[in-house]
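Following: one structure in structure tokens, then a few remarks.
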Amino acid sequence: MAIAIRDLEAGDQARIAEVDGGPAWNPNPLLWERYLEEQSRGERDVLLAVRGDAILAYGSLIWVSTYPPFKGEGIPEINNLVVAAAERGQGVASQLIAALELRARLAGRPVIGIGVGLYADYGAAQRLYPKLGYRPDGRGITYHEHPVAPGSSMPVDDDLVLWMTRRL
């Protein structure tokens, strides 16, 4: 059965919570309620990759990024892209990214951005994004979206990020 990409809907929270997606998968109903609210206000588009009734992955497009360089340049940000562990390596992330890029392109945005963590759990994303045409934005790494100065020490966690962009 083919993979379909569709918008997050109100009834999806319970189905997302049922997925054994691995450690990165976030079933927290409060997160999904917030995403639905942000989507209804036009602040974020949330897409799901599905096969039949099975949710395989999710990802969102934040129209006004909180990363200052993206915000200042009007670059929308692909955010919280997660593929269920059992579905990885099958092109699901690439399809979801293409759909998010299409949203940005149709909105007239010439560039799209994405951040990637720096530890091994992000290894697949670190390899995938350059293959899809993403390049570092040239501003170095950030911690909580603030530049990391040479010689400083930061925790290696989800907030230590390299930001990348792609021309659409």
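According to full-length UniProt numbering, the sequence shown is numbered sequentially starting from 1. From the three backbone atoms N, C-alpha and C, an ideal C-beta is built for every residue, glycine too.
Distance between residue j and residue i (C-alpha atoms, nearest Å)
i, j, result
"W63", "I16", "23 Å"
"K131", "S152", "30 Å"
"L106", "Y58", "20 Å"
"A98", "P150", "35 Å"
"N79", "V92", "15 Å"
"P155", "G117", "12 Å"
"S133", "E33", "One detail in the question is off: residue 133 reads as Gly in this sequence, not Ser. If you take the alpha carbons of G133 and E33, they lie about 32 Å apart."
"L61", "D53", "23 Å"
"A120", "G108", "35 Å"
Residue environment, residue i, which counts as buried when at least 16 other CB atoms sit within 10 Å
i, result
"A45", "Note on identity: in this sequence residue 45 is Asp, with Ala being the wrong assignment. Buried, by the Cβ-count rule."
"D7", "exposed"
"Y122", "buried"
"A166", "Looking at the sequence itself, residue 166 is Arg, so the reference to Ala does not match. The residue in question, R166, is buried, as its Cβ has 16 or more Cβ neighbours within 10 Å."
"E9", "exposed"
"T66", "exposed"
"M164", "buried"
"E87", "buried"
Which of helix, strand or coil DSSP assigns to residue i
i, result
"S153", "coil"
"W63", "coil"
"V41", "Per the sequence shown, residue 41 should be read as Arg rather than Val. In this structure, R41 counts as coil in the three-state DSSP scheme."
"I75", "coil"
"W25", "coil"
"G123", "helix"
"I3", "coil"
"L118", "coil"
"A10", "coil"
"P69", "helix"
"residue 251", "Outside the shown range of the chain (1 to 168) lies residue 251, about which nothing can therefore be said."
"R51", "strand"
"L168", "coil"
"R109", "coil"
Residue j beta carbon less than 8 Å from that of residue i
i, j, result
"A104", "L168", "yes"
"I3", "L47", "no"
"L128", "I141", "no"
"P29", "R139", "no"
"Q90", "A49", "no"
So within the region 83-107, which uninterrupted alpha helix (DSSP H) runs reach at least 4 residues, ignoring any that extend past its ends?
Counting only runs of 4 or more residues that sit fully inside the region 83-107, the alpha helix (DSSP H) segments are 92-106, in chain order.
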